[in-house]
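Visitor:
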Amino acid sequence: MGATGQPQEPKTTYREAMREALREALRSDDRVFLMGEDVGRYGGCFGVSLGLLEEFGPERVRDTPLSESAFVGAGIGAALAGMRPIVEIMTVNFSLLALDQILNNAATLLHMSGGQLPVPLVIRMTTGAGRQLAAQHSHSLEGWYAHIPGIRVLAPATIEDARHMLAPALADRDPVLIFEHGSLYNASGELPPPTAPVDLEHAAIRRPGTDISLITYGGSLPKALAAADELAAEGISADVIDLRTLRPLDDAAITGSVARTHRVVVIDEAWRTGSLAAEVSARIAEESFYDLDAPVERVCSAEVPIPYARRLEEAALPQTADIVAAAHRVVE
Amino acid sequence: MAEFTMPSLGADMEEGTLQEWLVQPGDQVHKGDAVAVVETAKSTIEVECFETGMVGQLLVEPGTTVPVGAALAVIEPTAEGPEKREKHRKAEKAEKAEGKRPVPSTPTLATPTTPPERAGVPAPSAAHERGHTEAGPLLRHAAERSGIDLDTLHGSGRGGRVTRTDVERATAAAIAAQPLRVRATPLARRLAAELDVDLAAVTGTGKDSAVRAADVRKAAPGPATAAPPSPDVAAPAHPSEDRATAMRQAIAGLMSRANRDIPHYYLSTTVDMAAAMDWLHEHNRRSRVAERLLPTALLLKAAARAAREVPELNGFWTDDHFTAGDGVHLGVAVSLRGGGLIAPALHDADSLELPQLMTALKDLVVRARTGRLRGSEVSDSTITVTNLGDQGVESVFGVIYPPQVSLVGFGRVGDRPCAVDGLLGVRPVVTATLSADHRATDGAVGARYLTTVDRLLQNPEQL
Numbered sequence: 051m052g053a054t055g056q057p058q059e060p061k062t063t064y065r066e067a068m069r070e071a072l073r074e075a076l077r078s079d080d081r082v083f084l085m086g087e088d089v090g091r092y093g094g095c096f097g098v099s100l101g102l103l104e105e106f107g108p109e110r111v112r113d114t115p116l117s118e119s120a121f122v123g124a125g126i127g128a129a130l131a132g133m134r135p136i137v138e139i140m141t142v143n144f145s146l147l148a149l150d151q152i153l154n155n156a157a158t159l160l161h162m163s164g165g166q167l168p169v170p171l172v173i174r175m176t177t178g179a180g181r182q183l184a185a186q187h188s189h190s191l192e193g194w195y196a197h198i199p200g201i202r203v204l205a206p207a208t209i210e211d212a213r214h215m216l217a218p219a220l221a222d223r224d225p226v227l228i229f230e231h232g233s234l235y236n237a238s239g240e241l242p243p244p245t246a247p248v249d250l251e252h253a254a255i256r257r258p259g260t261d262i263s264l265i266t267y268g269g270s271l272p273k274a275l276a277a278a279d280e281l282a283a284e285g286i287s288a289d290v291i292d293l294r295t296l297r298p299l300d301d302a303a304i305t306g307s308v309a310r311t312h313r314v315v316v317i318d319e320a321w322r323t324g325s326l327a328a329e330v331s332a333r334i335a336e337e338s339f340y341d342l343d344a345p346v347e348r349v350c351s352a353e354v355p356i357p358y359a360r361r362l363e364e365a366a367l368p369q370t371a372d373i374v375a376a377a378h379r380v381v382e
Numbered sequence: 048m049a050e051f052t053m054p055s056l057g058a059d060m061e062e063g064t065l066q067e068w069l070v071q072p073g074d075q076v077h078k079g080d081a082v083a084v085v086e087t088a089k090s091t092i093e094v095e096c097f098e099t100g101m102v103g104q105l106l107v108e109p110g111t112t113v114p115v116g117a118a119l120a121v122i123e124p125t126a127e128g129p130e131k132r133e134k135h136r137k138a139e140k141a142e143k144a145e146g147k148r149p150v151p152s153t154p155t156l157a158t159p160t161t162p163p164e165r166a167g168v169p170a171p172s173a174a175h176e177r178g179h180t181e182a183g184p185l186l187r188h189a190a191e192r193s194g195i196d197l198d199t200l201h202g203s204g205r206g207g208r209v210t211r212t213d214v215e216r217a218t219a220a221a222i223a224a225q226p227l228r229v230r231a232t233p234l235a236r237r238l239a240a241e242l243d244v245d246l247a248a249v250t251g252t253g254k255d256s257a258v259r260a261a262d263v264r265k266a267a268p269g270p271a272t273a274a275p276p277s278p279d280v281a282a283p284a285h286p287s288e289d290r291a292t293a294m295r296q297a298i299a300g301l302m303s304r305a306n307r308d309i310p311h312y313y314l315s316t317t318v319d320m321a322a323a324m325d326w327l328h329e330h331n332r333r334s335r336v337a338e339r340l341l342p343t344a345l346l347l348k349a350a351a352r353a354a355r356e357v358p359e360l361n362g363f364w365t366d367d368h369f370t371a372g373d374g375v376h377l378g379v380a381v382s383l384r385g386g387g388l389i390a391p392a393l394h395d396a397d398s399l400e401l402p403q404l405m406t407a408l409k410d411l412v413v414r415a416r417t418g419r420l421r422g423s424e425v426s427d428s429t430i431t432v433t434n435l436g437d438q439g440v441e442s443v444f445g446v447i448y449p450p451q452v453s454l455v456g457f458g459r460v461g462d463r464p465c466a467v468d469g470l471l472g473v474r475p476v477v478t479a480t481l482s483a484d485h486r487a488t489d490g491a492v493g494a495r496y497l498t499t500v501d502r503l504l505q506n507p508e509q510l
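Residue numbers (our numbering), protein chains in the order written: chain A, 51 to 382; chain B, 48 to 510.
1) For residue 210 (chain B), which of B:188, B:228, B:371 has the nearest alpha-carbon?
2) Closest to residue 475 (chain B) by CA distance: which of B:460, B:482, B:466 is it?
3) For the stretch 317–348 of chain A, which residues have a beta carbon sitting closer than 7 Å to at least one beta carbon of chain B?
4) Chain B partners of residue 382 (chain A), CB-CB under 7 Å?
5) From residue 120 (chain A) to residue 227 (chain A), what does the alpha carbon distance come to, in whole angstroms?
6) Kindly identify the DSSP beta-bridge partner or partners of residue 123 (chain B).
7) Run through DSSP, which three-state label would residue 135 (chain A) get?
8) Tell me whether the beta-carbon of residue 261 (chain A) lies closer than 8 Å to the beta-carbon of residue 288 (chain A).
9) Locate the beta strand (DSSP E) running through residue 482 (chain B), then write down its first and last residues.
10) Measuring alpha carbon to alpha carbon, tell me which residue in A:347, A:188, A:142 is nearest residue 194 (chain A).
11) Quick one: which chain A residues come within Cβ less than 7 Å of residue 232 (chain B)?
12) List, in order along the chain, the chain B residues whose C-beta lies closer than 8 Å to that of residue 378 (chain A)?
13) Between residue 248 (chain B) and chain A, is any beta-carbon pair separated by less than 8 Å?
14) Closer than 9 Å by beta-carbon distance: list the chain A residues that pair up with residue 260 (chain B), in chain order.
15) Using a cut-off of 7 Å between C-beta atoms, extract the partners of residue 237 (chain B) located in chain A.
16) With residue 65 (chain B) and residue 115 (chain B) assumed to form a contact (beta carbons below 8 Å), what rounded beta-carbon distance in angstroms separates them?
17) For the candidate residues A:129, A:174, A:179, A:87, whose alpha-carbon lies nearest to that of residue 368 (chain A)?
18) If distances are taken between C-alpha atoms only, which option among B:494, B:334, B:386 comes closest to residue 294 (chain B)?
19) So if DSSP puts residue 364 (chain B) in a beta bridge, which residue, or which two residues, is it bridged to?
20) Could you round the C-beta distance between residue 467 (chain B) and residue 415 (chain B) to whole angstroms and report it? I think they count as a contact, below 8 Å.
21) With 16 other CB atoms within 10 Å as the buried threshold, where does residue 470 (chain B) fall?
22) Would you report the Cα separation of residue 107 (chain A) and residue 125 (chain A), rounded to the nearest angstrom?
23) Write down the C-beta distance between residue 452 (chain B) and residue 360 (chain B) rounded to the nearest angstrom, noting that I regard them as a contact closer than 8 Å.
24) Applying the 10 Å Cβ sphere with the 16-neighbour rule, what's the burial state of residue 449 (chain B)?
25) Excluding five sequence neighbours on each side, which residues of the same chain lie with their C-beta closer than 7 Å to the C-beta of residue 447 (chain B)?
26) Is there contact here, the stretch 345–355 of chain A with the stretch 86–97 of chain B, by at least three beta-carbon pairs under 8 Å?
27) Contact between the stretch 98–115 of chain A and the stretch 141–157 of chain A: three or more CB pairs below 8 Å?
28) Please return the same chain residues whose Cβ sits closer than 7 Å to the Cβ of residue 319 (chain B), not counting the five positions on each side in sequence.
29) Considering only C-alpha positions, which residue in the set B:420, B:400, B:417, B:256 is nearest to residue 510 (chain B)?
30) Report buried or exposed for residue 252 (chain A), applying the criterion of at least 16 other Cβ atoms within 10 angstroms of its Cβ.
31) By the 10 Å Cβ neighbour count, where 16 or more other Cβ atoms means buried, how is residue 348 (chain B) classified, buried or exposed?
32) Considering only their Cβ atoms, is the gap separating residue 85 (chain A) from residue 169 (chain A) smaller than 8 Å?
33) Measuring CA to CA, which of A:346, A:115, A:77 is closest to residue 333 (chain A)?
34) Given 7 Å as the limit, tell me if residue 74 (chain B) has its C-beta closer than that to any heavy atom belonging to the ligand SAH.
35) Would you call residue 103 (chain A) buried or exposed, if buried means 16 or more other Cβ atoms sit within 10 Å of its Cβ?
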């Protein structure tokens, strides 16, 4: 990640990587089109699709009315009709207006049609807090979507994943939800040339270690890596696991890491209760119980609507210091 | 003076490991009391005493493996008045009625590393002799809940009566006497078992002094100087595998012998179950859920009743002659979760009412699977039934369990085309089979047996 970036070489940002992925998708397949609120003339409310309208025209980069249920439903219909729509929802908070479409239609149609109606739809949305956008724009609800069978849930946390996850997502015959953490868009760094195609099945070890597993995803990854740096300075070697795919979870990566380190801190910006961190912890209890040398710790957001005021917002979110403190409690 | 010896709990048993004493020297025992827990290749079994008297010296330490017939303890005969014996019986009955065992909890197969814990319940002592202790129902209830035997308390109240304070004090003492569970992480526990480290002896450095993996490693002897496993924590790395192997070997030995020595003949017949199933459905419709019957109950009952009517098949072939069984003790083949099987007996199955039989069967299966059978159940069945119907097969021809002379098999009760009154109909039917020892009987006797089973199942209301 760009957190410890060295100023040299041409750099790219997470936002540009995402835009490049969209551009590539639009170029390489006529069936692909992008739609959502403000994705065209305004360039996307986070600037991801800036310039794409000019390049591909209003047929393929479509501004939609302010109705999540309608345009997600239209995306499902287009997918059923053979298109490969990419639907952008501004933030995960607003996606709840389209939850009915996602859960009751997109996720279930393949099953309810006896395998006859795949829904090859990609839905992108922003998640997470940290930019003083107040409660209605700042929540982390991807764990709710990871609850739903029939869809795949991705959380690209690096520039590389932002650049390369879209193509396999579009190739998937199931609906794929991509959660982009708002604080990552400005992250910058080098984009290594593609080696192998990015797979959507496996978690990634972002930093190997032997003393403690920091299991996280999305916007919390840079904080976990920073915490790992601090811990390393104290001689504690942290294994940082980026889940990348929140559904289906890569159980083998989790159990593998726990088998190496025997101690776990799960970091998740969602609220602690019923969170993805809860799911990961439960799986560790189920599958890795006899590998544990300390109780699993979780670092999650305070169970409040995320505040607007900067200090309060910082206090509500998992921070690097919280992760380090939790790691200390586990390692002792 | 009599000896309590390692019993033979089935023809396949050559030796047993004494796991635990359920009595202490000085205890009164009666014929039929469970006095020890013995582990055989197949199961953990409570063995009963055949004498009445006082337990003298215990000759064998728990954990010791001895051959069948070896003396385990000395039983001194005592002159005991009939009145007292009657009282004891009553007490035992009361305990049974409450579903309570008179013994403290013991390790089950699932946790072989836990040493037997006897603390918490004061051992029955000579205080029994003092007879009835006066105490109100409230105190009795409180004592029972804490597992305290009121008869062992010295009452501090008027006239030696047990007071509430006495019970509370005893409860506190019982709790204090319980060994503290060592706080240890799961990994530390696993390592301790693997490295043969006694967790209680390890100093924990974790939170609230929890023992962590590093502490266990520090305490572990080096690989070159590994100490012999102490009996307390003796834990083979994979106890369940060892047990499975032992079980397989025991079955292998016995079944090879049966197939080699017993000239089997096999018969089979198809029984129309329409009447039985109609009756069963009607019965179940009228019964509460807990009292509902499974078809198995009818089949077992019919098999037992038929064995009573055809006694030539109910008994043992020993020393070149047949000995009839002293009642119909129906062995029921139970497959165990970890693999293998065991065939404990339903005593006097021919005279059990169906609901009783159903209850007894459930109880037997649960105890067979948790390894808590009684010796008499494992050793004295007179005829065995194997019912593989729930596995979906149509018929099963089994191998006789020596020294028994016959084995009855039932397949699935299922709808099959069947000629009824000259027309083809669909009826629930079951295939009943008999494997019998040709040395003891001929096919005609076997045929009579299967015909009897059929006839009994046509009149389910009389079962």
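Idealized CB from N, CA, C, for every residue including glycine. Predicted model only: the values in this text are computed from it and were never measured.
Guide: This is what the structure holds:
1) On the second sequence, residue 210 (chain B) is found 163 positions in, with the first residue counted as 1. Of the listed residues, the one whose Cα sits closest to residue 210 (chain B) is B:188.
2) Counted from its first residue, the second sequence places residue 475 (chain B) at position 428. Closest option to residue 475 (chain B), Cα to Cα, is B:460.
3) 339, 340, 341, 342, 343, 344
4) Within the first sequence, the letter at position 332 stands for residue 382 (chain A). By Cβ distance, chain B contributes 253, 254.
5) The residue you call residue 120 (chain A) lines up with position 70 of the first sequence. The residue you call residue 227 (chain A) lines up with position 177 of the first sequence. Rounded to whole angstroms, residue 120 (chain A) to residue 227 (chain A) spans 17 Å at the Cα level.
6) Indexing the second sequence from 1 puts residue 123 (chain B) at position 76. Bridge partners of residue 123 (chain B): B:101.
7) Stepping through the first sequence from its first residue, residue 135 (chain A) is reached at position 85. In this structure, residue 135 (chain A) counts as strand in the three-state DSSP scheme.
8) Translated into positions along the first sequence, residue 261 (chain A) becomes position 211. Translated into positions along the first sequence, residue 288 (chain A) becomes position 238. The answer is yes: Cβ separation under 8 Å.
9) The residue you call residue 482 (chain B) lines up with position 435 of the second sequence. Segment 470–484, the beta strand (DSSP E) holding residue 482 (chain B).
10) For the purposes of this step, residue 194 (chain A) is taken as residue 144 along the first sequence, with counting starting at 1. When each option's Cα is compared against that of residue 194 (chain A), the closest is A:142.
11) By one-based count along the second sequence, residue 232 (chain B) stands at place 185. Here the neighbours are 342, 343, 344.
12) Walking along the first sequence from the start, residue 378 (chain A) turns up at place 328. Result: empty, since nearest Cβ-Cβ is about 11 Å, beyond 8 Å.
13) If you number the second sequence from 1, residue 248 (chain B) lands on position 201. For residue 248 (chain B), the answer is no, since every Cβ of chain A falls outside 8 Å of its Cβ.
14) Here residue 260 (chain B) refers to the residue found at position 213 of the second sequence. Correct list: 312, 343.
15) Residue mapping note: residue 237 (chain B) aligns to position 190 of the second sequence, counting from 1. The contacting residues are 340.
16) Your numbering for residue 65 (chain B) matches position 18 in the second sequence. Your numbering for residue 115 (chain B) matches position 68 in the second sequence. With a Cβ gap of about 12 Å, residue 65 (chain B) and residue 115 (chain B) do not count as contacting.
17) The residue you call residue 368 (chain A) lines up with position 318 of the first sequence. Per the Cα distances, A:179.
18) On the second sequence, residue 294 (chain B) is found 247 positions in, with the first residue counted as 1. Comparing Cα positions, the closest option is B:386.
19) On the second sequence, position 317 is the one that residue 364 (chain B) refers to. DSSP output for residue 364 (chain B) lists B:369 as bridge partner(s).
20) For the purposes of this step, residue 467 (chain B) is taken as the residue at position 420 of the second sequence. For the purposes of this step, residue 415 (chain B) is taken as the residue at position 368 of the second sequence. 38 Å between Cβ atoms; not a contact.
21) Along the second sequence, read from residue 1 onward, the residue named residue 470 (chain B) stands at position 423. The residue is exposed, with fewer than 16 neighbouring Cβ atoms inside 10 Å.
22) Residue 107 (chain A) sits at position 57 when you count from the first residue of the first sequence. Residue 125 (chain A) sits at position 75 when you count from the first residue of the first sequence. Their Cα atoms are separated by approximately 18 Å.
23) In the second sequence, counting from the first residue as 1, residue 452 (chain B) sits at position 405. In the second sequence, counting from the first residue as 1, residue 360 (chain B) sits at position 313. About 6 Å separates the two Cβ atoms, so the contact holds.
24) In the second sequence, counting from the first residue as 1, residue 449 (chain B) sits at position 402. Its Cβ being crowded by 16 or more others within 10 Å, residue 449 (chain B) is buried.
25) Walking along the second sequence from the start, residue 447 (chain B) turns up at place 400. Once the five neighbours on either side are set aside, the close Cβ partners of residue 447 (chain B) are 305, 309, 311, 453, 454, 482, 484.
26) no
27) no
28) As a working mapping, residue 319 (chain B) is identified with position 272 in the second sequence. Excluding positions up to five away in sequence, the list reads 465, 474, 476.
29) Indexing the second sequence from 1 puts residue 510 (chain B) at position 463. Selected option, being the one with the closest Cα: B:400.
30) Indexing the first sequence from 1 puts residue 252 (chain A) at position 202. Label assigned to residue 252 (chain A): exposed.
31) Counting from one through the second sequence, the residue named residue 348 (chain B) turns up at place 301. Buried, by the Cβ-count rule.
32) In the first sequence, the residue the question calls residue 169 (chain A) occupies position 119. In the first sequence, the residue the question calls residue 85 (chain A) occupies position 35. The answer is no: Cβ separation not under 8 Å.
33) Position 283 of the first sequence holds residue 333 (chain A). Closest by alpha carbon: A:346.
34) Among the components of this structure there are no ligands whatsoever, and the ligand SAH is therefore not found.
35) Indexing the first sequence from 1 puts residue 103 (chain A) at position 53. Buried is the call here.
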